[in-house]
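Right, one structure below, let's go through it.
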Amino acid sequence: MASPYVEGETGLTDIEIADVSQHVGEEIRIKGWLYNRRSSGKVHFMLVRDGTGTIQAVVGKGEVSPEVFELADSLGQESSIVVSGVVRADARAPGGYELVLSSLEVVQSVSDYPISPKEHGVAFLMAHRHLWLRSRRQLAILKVRAELVRACRDFFDDRGFVLIDAPIFTPAAVEGTTTLFEVGYFNDTAFLTQSGQLYMEAACMALGKVYCFGPTFRAEKSKTRRHLTEFWMIEPEVAYCDLEGDMRLAEELVVYVVERILEKRREELDILERDTAPLERVRAPFPRISYDDAVKRLQEEGSEFTWGSDFGAPDETLLSNQYDQPFHVHHFPVGCKAFYMKRDEETSKHCRGFDTLAPEGYGEIIGGGQREDNLENLERRIAEHGLPREAFEWYLDLRRYGSVPHAGFGLGLERTLAWICNLPHLRETIPFPRLLDTVYP
RNA sequence: UCCUCGGUAGCUCAAUCGGCAGAGCGGGUGGCUGUUAACCACUAGGUUGCAGGUUCGAGUCCUGCCCGAGGAGCCA
373 MASPYVEGET
383 GLTDIEIADV
393 SQHVGEEIRI
403 KGWLYNRRSS
413 GKVHFMLVRD
423 GTGTIQAVVG
433 KGEVSPEVFE
443 LADSLGQESS
453 IVVSGVVRAD
463 ARAPGGYELV
473 LSSLEVVQSV
483 SDYPISPKEH
493 GVAFLMAHRH
503 LWLRSRRQLA
513 ILKVRAELVR
523 ACRDFFDDRG
533 FVLIDAPIFT
543 PAAVEGTTTL
553 FEVGYFNDTA
563 FLTQSGQLYM
573 EAACMALGKV
583 YCFGPTFRAE
593 KSKTRRHLTE
603 FWMIEPEVAY
613 CDLEGDMRLA
623 EELVVYVVER
633 ILEKRREELD
643 ILERDTAPLE
653 RVRAPFPRIS
663 YDDAVKRLQE
673 EGSEFTWGSD
683 FGAPDETLLS
693 NQYDQPFHVH
703 HFPVGCKAFY
713 MKRDEETSKH
723 CRGFDTLAPE
733 GYGEIIGGGQ
743 REDNLENLER
753 RIAEHGLPRE
763 AFEWYLDLRR
773 YGSVPHAGFG
783 LGLERTLAWI
793 CNLPHLRETI
803 PFPRLLDTVY
813 P
């Protein structure tokens with residue numbers, strides 16, 4: 373049986389709005405939704421969107437039946453419609469092309485769509501996130517996000533990395549459980565992953581170069597523009613790699629993805645009114661500053677920051693404003709970083725870890741470093757941090773059987789996207805954000 | 001958890017010193033043959049977050065609570 377929506381079975385040429393310029397003069401059909409409607413009495417203008425773009429359908433009285441003319445004027449915003457007609461280039465049309473409507477099929481007539489083309493508050497939009505996604509700005513962000521994901525994958529795939537999926541359920545408390553989401557696991561308890569890194573360390577000893585890309589969960593009581601409770605991280609891990617190699621990999625990745633977005637998603641950046649000049653400046657190698665020098669820099673600027681603590685948001689912003697492209701901060705004090713971070717033998721106070729901070733006040737988008745590969749050192753670290761050794765036996769095995777220097781990092785997808793799109797808040801970077809007090813819709 | 005600000009029509013907001021609760025958008029009705037978040041006219045639409053208090057009189061002042069936003073802390 374013929375389907376009314378399968379091309380070739382209806383005798384009509386179905387096109388996507390993004391392709392209208394290739395169909396000027398042809399009679400075609402578009403399946404979409406009514407974005408907005410205007411009229412000047414004898415001519416109605418229906419702004420139709422289909423996800424690939426928007427086009428105005430012109431409905432002239434006398435050119436269609438009185439019933440269709442009436443119908444076109446009665447539809448509410450977001451009514452689902454299938455429109456047919458001839459594509460015409462016209463300077464008066466938004467986008468330069470319009471559809472001279474000959475027939476109109478109403479799949480559903482809608483009234484009282486909640487989101488009008490006027491301004492709305494954040495709380496209202498968040499409560500209607502499922503509908504907010506249809507707006508022009510959100511479409512643009514989601515398309516850049518999809519391109520960013522693809523660019524990350526291509527970067528690693530093209531360099532011989534193997535995609536390894538890390539588990540979402542993880543066993544027993546590694547460190548304090550306060551930042552982990554606890555879930556029932558049959559008659560036991562499991563936790564949602566905070567990072568796939570430890571598993572990537574195992575995988576890189578098998579495959580050399582690996583990465584994982586998936587959601588991570590943090591049960592932190594953070595109520596800021598830079599935190600989500602569920603976010604996506606891409607985490608590469610490389611055997612026979614040190615801090616220097618790790619930082620080079622990180623900057624090559626950032627340069628690659630920024631170039632890709634500039635190449636493929638300029639139109640979306642335009643919609644977002646993103647000034648692309650700061651993105652055009654991104655190139656490797658990134659400026660590097662040691663933690664010690666960063667502390668000096670902060671103190672010169674009048675901050676009361678003391679050696680040994682981790683940077684707070686204002687500190688990151690202050691540093692970030694001194695560079696016009698991303699930069700690495702490296703060699704943090706051992707107290708700032710995790711138990712698995714390799715110590716620098718020369719100073720013993722520092723570890724071979726780094727953060728990459730995005731400019732324009734965005735701060736940390738990457739955190740990583742070289743891992744402790746010596747069994748005795750790692751055992752000592754686990755004890756010093758008061759961690760349950762039995763939970764790490766499998767991890768210690770990696771240092772018993774063919775241990776090598778290795779390093780990796782995690783890139784926060786949403787923070788990177790927020791910077792690339794110049795968004796004020798992380799909540800717009802993910803389709804359905806999970807925040808401290810938001811799990812709906 | 002702490003600090004700051006806010007909650008008035010479906011949405012965005014206004015309401016002077018405590019004195020008749022309003023506008024724009026959206027909805028409805030009518031008009032307009034090229035609109036660009038169209039425009040014009042008319043119209044419907046209110047438990048001013050909740051509970052209590054002060055007052056002749058409370059959207060406005062006081063107390064408590066709820067909800068939201070921004071920030072801080074927190075953040076292998």
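Mapping of the first sequence onto my numbering: position 161 corresponds to residue 533, and the numbering continues sequentially without gaps. Backbone N, C-alpha and C define an ideal beta-carbon position, used for all residues, glycine too. Nothing here was measured: the structure is a model prediction, and the numbers come from that model.
Spatially closest choice to ARG655 from THR561, VAL555, PRO731, ARG598, by CA coordinates: As a first step, residue 655 must be located in the first sequence, where it is residue number 283. When the alpha-carbon of ARG655 is set against those of THR561, VAL555, PRO731, ARG598, the nearest one is in PRO731.
By the three-class DSSP mapping on this structure, what secondary structure does TRP679 have? For this step, residue 679 is matched to residue 307 along the first sequence. Coil at TRP679, not helix or strand.
Could you name the residues of the same chain whose beta carbon sits closer than 6 Å to that of ASN794, not counting the 5 residues immediately before and after it, in chain order? Translated into the one-based positions of the first sequence, residue 794 becomes position 422. Cβ within range, chain order: ARG646.
Is the Cβ-Cβ distance between MET619 and HIS702 less than 8 Å? Here residue 619 refers to the residue found at position 247 when the first sequence is read from its first residue. Here residue 702 refers to the residue found at position 330 when the first sequence is read from its first residue. In this structure, HIS702 lies closer than 8 Å to MET619 by Cβ.
By how many angstroms is the C-alpha of ALA495 removed from the C-alpha of THR810? To locate residue 810, count along the first sequence from 1; it is residue 438. To locate residue 495, count along the first sequence from 1; it is residue 123. Their Cα atoms are separated by approximately 10 Å.
At what residues does the beta strand (DSSP E) containing HIS700 begin and finish? The residue given as residue 700 occupies position 328 in the first sequence. Its beta strand (DSSP E) spans residues 699 to 702.
Kindly indicate which three-state DSSP category SER475 falls into: helix, strand or coil? Stepping through the first sequence from its first residue, residue 475 is reached at position 103. Strand at SER475.
With three or more C-beta pairs closer than 8 Å as the rule, is the stretch 763 to 770 touching the stretch 607 to 621? no
Can you give me the C-alpha to C-alpha distance between ALA611 and TRP791, rounded to a whole angstrom? Numbered from its first residue, the first sequence carries residue 611 at position 239. Numbered from its first residue, the first sequence carries residue 791 at position 419. Approximately 30 Å, taken between the alpha carbons.
Whole-angstrom distance between PHE603 and SER567, CA atom to CA atom: As a working mapping, residue 567 is identified with position 195 in the first sequence. As a working mapping, residue 603 is identified with position 231 in the first sequence. Computed Cα separation, rounded: 10 Å.
Beta-carbon proximity check, ALA538 vs THR565, cutoff 8 Å: Translated into positions along the first sequence, residue 538 becomes position 166. Translated into positions along the first sequence, residue 565 becomes position 193. Yes, the Cβ-Cβ distance between ALA538 and THR565 is below 8 Å.
Per DSSP, what are the beta-bridge partners of TYR517 in this structure? The residue given as residue 517 occupies position 145 in the first sequence. For clarity, residue 517 is Arg in the given sequence; the question names Tyr instead. Bridge partners of ARG517: none, in fact.
Any idea what DSSP makes of THR728, helix, strand or coil? What you label residue 728 is simply residue 356 of the first sequence in a count that begins at 1. THR728: strand per DSSP, three-state reduction.
Alpha carbons only, please: which of HIS599, THR542, CYS524 is nearest the one belonging to LEU535? By 1-based counting over the first sequence, the position of residue 535 is 163. It is CYS524.
Report, in whole angstroms, the separation of the C-beta atoms of PHE553 and PHE589, which I expect to be a contact under 8 Å. As a position in the first sequence, residue 553 is number 181, starting the count at 1. As a position in the first sequence, residue 589 is number 217, starting the count at 1. That pair is a contact at about 5 Å.
So, with DSSP's three-state summary, where would you put LEU447? Translated into positions along the first sequence, residue 447 becomes position 75. Reduced to three states, the DSSP call for LEU447 is coil.
Could you tell me whether any non-hydrogen atom of the ligand MN is closer than 7 Å to the CB of TRP504? For the ligand MN, the structure offers nothing, since it holds no ligand at all.
Where does the unbroken beta strand (DSSP E) through ASN408 begin, and where does it stop? Taking the first residue of the first sequence as position 1, residue 408 is located at position 36. It spans 399 to 411 - the beta strand (DSSP E) in which ASN408 sits, taken as one unbroken run.
What residue range is occupied by the uninterrupted alpha helix (DSSP H) comprising LEU503? Your numbering for residue 503 matches position 131 in the first sequence. Here the alpha helix (DSSP H) through LEU503 covers 501 to 504.
Kindly indicate the opening and closing residues of the alpha helix (DSSP H) around ARG620. The residue you call residue 620 lines up with position 248 of the first sequence. Start and end: 615 to 636.
DSSP-derived helix/strand/coil call for ILE802: Looking up residue 802 in the first sequence gives position 430. Reduced to three states, the DSSP call for ILE802 is coil.
Quick one: is LYS595 buried, meaning 16 or more other Cβ sit within 10 Å of its Cβ, or exposed? In the first sequence, the residue the question calls residue 595 occupies position 223. Classification of LYS595: exposed, given that the 10 Å Cβ count is below 16.
At what residue ranges does the stretch 573 to 609 contain a whole run of the beta strand (DSSP E), taking only runs of 3 or more? If we require 3 residues or more, the beta strand (DSSP E) runs fully inside the stretch 573 to 609 come out as 581 to 589.
Buried or exposed for VAL776, going by 16 or more other Cβ atoms inside 10 Å? What you label residue 776 is simply residue 404 of the first sequence in a count that begins at 1. Exposed: under 16 other Cβ atoms inside 10 Å.
Just to confirm, are MET572 and GLU607 a CB contact at a threshold of 8 Å? Your numbering for residue 572 matches position 200 in the first sequence. Your numbering for residue 607 matches position 235 in the first sequence. Closer than 8 Å, so yes.
Nearest-angstrom Cα separation, counted from VAL454 out to SER873: The structure shown does not extend to residue 873, since the chain spans only 373 to 813, so no value can be given for it.
Separation of LEU570 from ASN749, as counted between CA atoms: By 1-based counting over the first sequence, the position of residue 749 is 377. By 1-based counting over the first sequence, the position of residue 570 is 198. When rounded, the distance between both Cα atoms is 17 Å.
Please state if the CB of GLY448 and the CB of TYR485 are separated by a distance shorter than 8 Å. Counting from 1 along the first sequence, the entry for residue 485 is found at position 113. Counting from 1 along the first sequence, the entry for residue 448 is found at position 76. In contact: TYR485 and GLY448 (Cβ atoms closer than 8 Å).
From the DSSP secondary-structure annotation, give me the bridge partner or partners of TYR571. As a first step, residue 571 is located in the first sequence; it is residue number 199 there, counting from the start. Its beta-bridge partners do not exist; DSSP assigns none.
Buried or exposed for THR719, please, with buried defined as at least 16 other CB atoms from any protein chain shown within 10 angstroms of its CB. Along the first sequence, read from residue 1 onward, the residue named residue 719 stands at position 347. Exposed.
Measure from the alpha carbon of GLU388 to the alpha carbon of each residue in GLY380, ILE400, GLU381, then state which is nearest. Working through the first sequence from its first residue, we reach residue 388 at position 16. Out of GLY380, ILE400, GLU381, ILE400 has the C-alpha closest to the C-alpha of GLU388.
Mapping DSSP to helix, strand and coil, what is LYS668? Counting from 1 along the first sequence, the entry for residue 668 is found at position 296. Shown here, LYS668 sits in a helix according to DSSP, grouped into three states.
Taking GLU592 as the reference, give the member of THR551, LEU789, GLU652 with the closest Cα. On the first sequence, position 220 is the one that residue 592 refers to. It is THR551.
Could you round the C-beta distance between ALA512 and ILE643 to whole angstroms and report it? I think they count as a contact, below 8 Å. Residue numbering aside, residue 512 sits at position 140 when the first sequence is read from its first letter. Residue numbering aside, residue 643 sits at position 271 when the first sequence is read from its first letter. Correct: roughly 4 Å between the Cβ atoms.
TYR469 - partner residues in DSSP beta bridges: Within the first sequence, the letter at position 97 stands for residue 469. DSSP output for TYR469 lists ALA461 as bridge partner(s).
Return the chain-ordered list of same chain residues with a C-beta closer than 7 Å to the C-beta of CYS708, the five sequence neighbours on each side being excluded. What you label residue 708 is simply residue 336 of the first sequence in a count that begins at 1. ASP682, listed in sequence order.
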